[in-house]
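K.L.:
Sequence order for the protein chains is A and B. Each residue of the first sequence is one higher than the last, beginning at 1 in the working numbering. Each residue of the second sequence is one higher than the last, beginning at 1001 in the working numbering. Take this structure, written in structure tokens, and hold onto it; I'll ask about it next.
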Amino acid sequence: MTALSAFHTPRHSSDSNALSLTGIFRRFQHIIELNNKALEIISAMEESLGGAYLFDKVFLERSIARLNDIIREVIYNLNAMSKNAYLGLYEPFEAIKNSLEDILSGGPGPYHDQLTLPYNQLNIDMDMLVGAKNANLGEVCNRLHLRIPEGFALTTQAYRLFMEENGLLEQIRLAFNANKNNEEVWRQVKQLFEKAVIPEQFEQAVMAALSELYERLGRRPALAVRSSAVGEDTERSFAGQFKSVLNVRHEDVFRACKQVMAARFSPQVMAYLGNDDISLNVLPMAIAVQEMITASVSGVIYTRNPSNPLKKEMVMSAVSGIGASLVNGSAPSDWYRLSRTHPFKLLEARLNTKAHEHCLDTMPSGLRRGSALLTPRMLQMVAEAALTIEKAFGRPQDIEWTFDDLNNLVILQARPLRLQSASPALQTELANQLQQLPLILKGKGQAAHVGIATGPVVHVSPEDDLTRFPVGAIAVSKNASPALSPILQRAAALVTEVGSPTGHLATIAREYRTPAIVGAEKATELLKEGMEVTVDAYDMCIYAGGIPDFLTMDTLEEDVFFESNEVRTMRRLLRWIAPLNLVDPSSSMFAPENCQTYHDILRFCHEKAVESLIHLQTLTPSSETMSSNLLEAPIPIGIHIIDLGGGLKPGAQPNKKGATVPLSGILSRPFNAILKGLLREGAWDKEPAPLGMRDILSGIARPSLSLMGIPEYSGKNLAIIAENYCNISLRLGYHFNVIDSYLTANPDNNYIYFRFVGGFADEERRKRRASLIVSLLQALFFRVEQHGDLVVGRVKMLDDQQTENILVKLGELIAFTRQLDVRMTDDESIDRFFDRFLKQTSAQTASVE
Amino acid sequence: MSDQTIKLLVIDDEPIVGKRLKQAFMKMGMEVETFTDPREAMNTIKQKSFDIVVTDLKMEGMDGMTILEEVQKLNPKAKVIIITGYAQVDTASEAFRKGVFDFIPKPFRLEELKNIILRAMSGALSESNKNI
């Protein structure tokens, strides 16, 4: 721990009751408020990227200053409510804060003094350091999780070092001045580079990066050494102007690097550049050092057809083996035209490669297998990857790809595809066409990310296999659960019934630039599976059908908003703020040292704050001694109440020890909901349980084994309540329930945690009862884990009405299951009781849905 | 007025503002010109009439308040909307006293400005109807 974190340590010594229930709860509420505030600032920053906001530099500075303060306060409060369990958070916090301040003041940000950077550290906004080719590949690999060659970047810092230590610029300038003949200049320049000495630091950095690469791969492959100039593949493509050296052996790496750097001064490049400014800041040359991929088929895909950009189609060419002959135009290739819509139907194929004759398998019949280089599945894989890249980069793409010898798709390069931009008249025309379509939903929900997309509706929930979500479809779901994150890079748009633009999933939608409307009531009902719809997240409208690909409007704009300097600064800042890496609280990676962004810190703190609260009754010895009052209620159990504030009506506060609280005095919203369930007629099954000798014997042995030493099970039934909160521990017969719930008007804050354990019957029956509870909880939208007879269910981010209805049902469930384990003699009884429970309760309750 | 193209002028010394507004309002079918230099913008206003002028408040060379006054002299029908990163109550009320159509602090949702401009347009429309 650093001295710094010690400085931040909350002190409790001055107040021995600092860890009181009220204190913890107040900290919790404060964290919730701060969390919401921070997410609002983050989403305002992100929405400005998505185009919903208009912002300026003052806004950036102010947002960062406020975030710094809030995050620090969140960490402080979490530590204050958890006996300083998370002091490790201060280190990532300080690191992130420093990076942000550096970027804001126009600095190069983290990594600026590195000579090499492995691909797993690169992203699209590092192009000033590693060149566009490397930066784009880093994005493809690290954000989109597509395969690229393993490798590393030699940065522009390495280029500067090399040029300066050898005094190369002066000598090149002399060569330029002394000669009129371009070829002669070029011959001299090449010689200069050949003779130049590799600086020691440069050499060490490359050697270290190479051995790391070999270690990662477990072998020493041949290498590809390629140009990755700053400015290449962005403002202008420089396609084919620079140098790539292929099949480089380990000992030839430095020679290849020199050739690549020299090519920046070739007559071709000088002519393309159109001026002879050779200073270090003009077109500085970073380098890509990659493993050579053993290619079976290679090619290029354009995500739009340049000869008809408005059509919903992509074009693609392929050759066998490596793609060099394709991009330099020296060999015939197969050519395909594909639909842009899943499943990317083949519209046309022209098979020109002579390669078929010798590369295709000859079958025993003597006939050759197939006729095209690519199978339909391979075509689809390339198309999916291409559209994923296009959406993430915000414009049509020109992508080089290859299939390796194991038939893995590997992306070699992705750069913007230059197309004629859409005229304002065309844009207006498209807008008019859109408004002619039949409206399905209008004005419902809020934009999490603006944009327009057309596609087929696919209903999703966190239980689905999310990796199989069809690329380009419209995802429609009930809740904005962060568990849905994996679909966001594949979905063309997202629509949820519940959720707000400040929720976690909304933030992730913006990370992938997926147009998203959250909180659109009835979306799952009105948007039927398979229906083609157009989602307009600018105006919160959803139309039936589509017009010829609305993406056109955004992607064909001349002046791409995403590429302006202001937006790039914002995006560089947001890299350290918005991405969420800690998604799974049950993973061992869910730890302070793995927080890479402010969002990670917030997510971590939120989760741990809820956890501390759930274990409120174990954490605080004071709950035993604090005065509690018995609730007067016509139920067969006694519940003692501790009010943390706002849980009881002002007049209902008991004025002396031992006084009771009338039912009518409860104000706590979640507790009232549970009570409503507990009080339902028929909820308590009053018949005595038919006990067998076996049950009694196993019942006697059990408590000493599994229930001792868990303080929250040992005491009385206790409800700790506040206006929007309750934490209830109930001991009913021999089983134990804990319910912890926070219930507000903002769905993002709402959760219910439910735990059930123990019982008085043999193991089989207890397990059966646990299975019954699992099914019942699942029917109530819970995500459930069961380990033996321990059942833990969680439900989050539903709106207040739904959350309330579920709490009522939970109340009934608790009463109903009181002694069920003794009665559950066989597996069939699960279904029988399930039906009975539904029958008993559904007659009286409004459906949760 | 209704069947004519609305002419919008945007002045802000941060280029991103003009860029963004141009994109958004061209989609609504307006004719949009943008300036980062307020003096250059004034030269254009002197030669050409605009229906709506959206201007930043604090800029080098000339501030939004002066632009408001100048525009009102040259073309009293034009609606002026001031956007600013430094929203202060007294500046806002001064602007309203001087006849600004609306005053909006940055950052704002494009939607908000869109609504203000729609109001400005319908205002302009009903005024021209009155004249008939």
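Ideal Cβ positions, reconstructed from N, Cα and C, are used throughout, including at glycine. All values derive from a computational prediction rather than experimental measurement.
Indicate the three-state DSSP secondary structure (helix, strand or coil) for Thr803 of chain A in the structure shown.
P.N.:
Looking up residue 803 of chain A in the first sequence gives position 803. Looking at Thr803 of chain A - three-state DSSP - the assignment turns out to be helix.
K.L.:
Gly1064 of chain B: which of B:Ile1006, B:Ile1081, B:Asn1075, B:Met1030 sits nearest, CA to CA?
P.N.:
On the second sequence, residue 1064 of chain B is found 64 positions in, with the first residue counted as 1. Closest by alpha carbon: B:Ile1081.
K.L.:
So within the stretch 288-315 of chain A, which uninterrupted alpha helix (DSSP H) runs reach at least 4 residues, ignoring any that extend past its ends?
P.N.:
If we require 4 residues or more, the stretch 288-315 of chain A turns out to have no alpha helix (DSSP H) run fully inside it.
K.L.:
Do Ala414 of chain A and Val140 of chain A have their beta-carbon atoms positioned less than 8 Å apart in this structure?
P.N.:
To locate residue 140 of chain A, count along the first sequence from 1; it is residue 140. To locate residue 414 of chain A, count along the first sequence from 1; it is residue 414. Contact: yes.
K.L.:
Please go through the stretch 1080-1116 of chain B and give each complete alpha helix (DSSP H) segment of 4 or more residues, from N-terminal end onward.
P.N.:
Those alpha helix (DSSP H) runs which fall completely within the stretch 1080-1116 of chain B and span 4+ residues are 1089-1097.
K.L.:
Between which two residues does the beta strand (DSSP E) containing Lys1007 of chain B stretch?
P.N.:
Residue 1007 of chain B sits at position 7 when you count from the first residue of the second sequence. Residues 1007-1011.
K.L.:
Give me the Cα-Cα distance between Leu347 of chain A and Leu338 of chain A, rounded to the nearest whole angstrom.
P.N.:
The residue you call residue 347 of chain A lines up with position 347 of the first sequence. The residue you call residue 338 of chain A lines up with position 338 of the first sequence. Rounded to the nearest angstrom, the two C-alpha atoms are 5 Å apart.
K.L.:
Quick one: is Lys1058 of chain B buried, meaning 16 or more other Cβ sit within 10 Å of its Cβ, or exposed?
P.N.:
By 1-based counting over the second sequence, the position of residue 1058 of chain B is 58. The residue in question, Lys1058 of chain B, is exposed, as its Cβ has fewer than 16 Cβ neighbours within 10 Å.
K.L.:
Lys37 of chain A touches chain B at which residues, Cβ-Cβ below 8 Å?
P.N.:
As a working mapping, residue 37 of chain A is identified with position 37 in the first sequence. Going along chain B, no residue has its Cβ under 8 Å from Lys37 of chain A, so there is no contact; the nearest lies around 16 Å.
K.L.:
What residues in the stretch 1104-1117 of chain B bring their beta carbon closer than 8 Å to a beta carbon of chain A?
P.N.:
Within the stretch 1104-1117 of chain B, the qualifying residues are Lys1106, Pro1107, Phe1108, Arg1109, Leu1110, Glu1111, Leu1113.
K.L.:
Could you give the residue range of the beta strand (DSSP E) that holds Leu409 of chain A?
P.N.:
Reading the first sequence from its first residue, position 409 is the one you call residue 409 of chain A. From DSSP, the beta strand (DSSP E) with Leu409 of chain A extends over 409-416.
K.L.:
Would you say the beta carbon of Asp740 of chain A comes nearer than 7 Å to a heavy atom of the ligand FAD?
P.N.:
No copy of the ligand FAD appears in this structure; indeed no ligand is present at all.
K.L.:
Is DSSP giving Ala506 of chain A helix, strand or coil here?
P.N.:
Here residue 506 of chain A refers to the residue found at position 506 of the first sequence. Looking at Ala506 of chain A - three-state DSSP - the assignment turns out to be helix.
K.L.:
Which two residues bound the contiguous beta strand (DSSP E) that contains His459 of chain A?
P.N.:
Stepping through the first sequence from its first residue, residue 459 of chain A is reached at position 459. Per DSSP, His459 of chain A belongs to the beta strand (DSSP E) from 452-459.
K.L.:
For a minimum of 4 consecutive residues, which ranges assigned as the alpha helix (DSSP H) are wholly contained in the stretch 595-678 of chain A?
P.N.:
You should have 598-614, 616-619, 622-625, 669-678.
K.L.:
Assuming Gly107 of chain A contacts Tyr119 of chain A (C-beta within less than 8 Å), just tell me the rounded distance between them.
P.N.:
The residue you call residue 107 of chain A lines up with position 107 of the first sequence. The residue you call residue 119 of chain A lines up with position 119 of the first sequence. At roughly 23 Å, the Cβ-Cβ gap does not stay under 8 Å, so Gly107 of chain A and Tyr119 of chain A are not in contact.
K.L.:
Can you name the start and end residues of the alpha helix (DSSP H) that Leu494 of chain A belongs to?
P.N.:
One-based indexing of the first sequence puts residue 494 of chain A at position 494. Where Leu494 of chain A is concerned, there is no enclosing alpha helix (DSSP H), although the beta strand (DSSP E) it sits in stretches over 493-496.
K.L.:
When you compare the stretch 521-530 of chain A with the stretch 478-497 of chain A, are there three or more beta-carbon pairs, one atom per stretch, that lie closer than 8 Å?
P.N.:
Yes, the stretch 521-530 of chain A touches the stretch 478-497 of chain A.
K.L.:
For Ser43 of chain A, would you say it is in contact with chain B, using Cβ-to-Cβ distances shorter than 8 Å as the test?
P.N.:
Indexing the first sequence from 1 puts residue 43 of chain A at position 43. Not closer than 8 Å to any Cβ of chain B, the Cβ of Ser43 of chain A fails to qualify, so no.
K.L.:
Could you tell me whether any Cβ in chain A is nearer than 8 Å to the Cβ of Glu1014 of chain B?
P.N.:
Indexing the second sequence from 1 puts residue 1014 of chain B at position 14. Chain A contact via Cβ: present.
K.L.:
In chain A, which residues lie with their C-beta within 9 Å of the C-beta of Val1054 of chain B?
P.N.:
To locate residue 1054 of chain B, count along the second sequence from 1; it is residue 54. Within chain A, no residue comes near Val1054 of chain B; the closest Cβ sits about 10 Å away, beyond 9 Å.
K.L.:
Helix, strand or coil, according to DSSP, for Val130 of chain A in the structure here?
P.N.:
Looking up residue 130 of chain A in the first sequence gives position 130. Helix.
K.L.:
Check whether the Cβ atoms of Leu78 of chain A and Lys796 of chain A sit closer than 8 Å, and answer yes or no.
P.N.:
Within the first sequence, residue 78 of chain A is the residue found at index 78, counting from 1. Within the first sequence, residue 796 of chain A is the residue found at index 796, counting from 1. Not in contact: Leu78 of chain A and Lys796 of chain A (Cβ atoms no closer than 8 Å).
K.L.:
Could you give the distance in angstroms between the alpha-carbon of Ser43 of chain A and the alpha-carbon of Ala493 of chain A?
P.N.:
In the first sequence, the residue the question calls residue 43 of chain A occupies position 43. In the first sequence, the residue the question calls residue 493 of chain A occupies position 493. If I take the Cα positions, the gap works out to 18 Å.
K.L.:
Nearest CA to the CA of Ser741 of chain A: which residue from A:Ile41, A:Asn727, A:Lys97, A:Leu419?
P.N.:
As a position in the first sequence, residue 741 of chain A is number 741, starting the count at 1. Closest option to Ser741 of chain A, Cα to Cα, is A:Asn727.
K.L.:
Whose CA, out of A:Arg226, A:Gly665, A:Ile577, lies closest to the CA of Glu40 of chain A?
P.N.:
Reading the first sequence from its first residue, position 40 is the one you call residue 40 of chain A. Comparing Cα positions, the closest option is A:Ile577.
K.L.:
I'd like to check one pair, Ile1045 of chain B with Thr1030 of chain B: are the Cβ atoms closer than 8 Å?
P.N.:
Numbered from its first residue, the second sequence carries residue 1030 of chain B at position 30. Numbered from its first residue, the second sequence carries residue 1045 of chain B at position 45. Note that residue 1030 of chain B is Met in the sequence shown, not Thr. The answer is no: Cβ separation not under 8 Å.
K.L.:
Figure out for me which residue from A:Pro149, A:Lys809, A:Arg72, A:Asp252 has the closest Cα to the Cα of Asn35 of chain A.
P.N.:
Residue 35 of chain A sits at position 35 when you count from the first residue of the first sequence. That would be A:Arg72, whose Cα lies nearest to the Cα of Asn35 of chain A.
K.L.:
Specify whether the stretch 259-277 of chain A and the stretch 291-303 of chain A touch according to this definition: at least 3 beta carbon pairs, one from each stretch, less than 8 Å apart.
P.N.:
Judged by Cβ distances under 8 Å, the stretch 259-277 of chain A makes no contact with the stretch 291-303 of chain A, as fewer than three pairs qualify.
K.L.:
According to DSSP, Gly793 of chain A sits in a beta bridge with which residue or residues?
P.N.:
Counted from its first residue, the first sequence places residue 793 of chain A at position 793. Looking at the DSSP assignment, Gly793 of chain A forms a beta bridge with A:Phe754, A:Val784.
K.L.:
In this structure, how does DSSP classify Glu511 of chain A when only helix, strand and coil are distinguished?
P.N.:
Sequence index remark: in the first sequence, residue 511 of chain A carries index 511 (1-based). Helix.
K.L.:
Under 8 Å, with one C-beta from each stretch per pair, do the stretch 1062-1076 of chain B and the stretch 1090-1110 of chain B reach the 3-pair mark?
P.N.:
Contact holds: three or more Cβ-Cβ distances are below 8 Å.
K.L.:
Just the Cα atoms here: how many angstroms apart are Ser586 of chain A and Ile75 of chain A?
P.N.:
For this step, residue 586 of chain A is matched to residue 586 along the first sequence. For this step, residue 75 of chain A is matched to residue 75 along the first sequence. Approximately 20 Å between the Cα atoms of the pair.
K.L.:
For the stretch 529-544 of chain A, enumerate the residues whose C-beta is nearer than 8 Å to any C-beta of chain B, in chain order.
P.N.:
The residues in question: there are none.
K.L.:
Residues of chain B with a CB under 9 Å from the CB of Ala431 of chain A: which are they?
P.N.:
Within the first sequence, the letter at position 431 stands for residue 431 of chain A. Residues of chain B passing the Cβ test: Lys1027, Met1028, Gly1029.
K.L.:
Using the rule of at least 16 other Cβ atoms within 10 Å of the residue's Cβ for burial, across every protein chain shown, is Phe59 of chain A buried or exposed?
P.N.:
Position 59 of the first sequence holds residue 59 of chain A. So Phe59 of chain A counts as buried.
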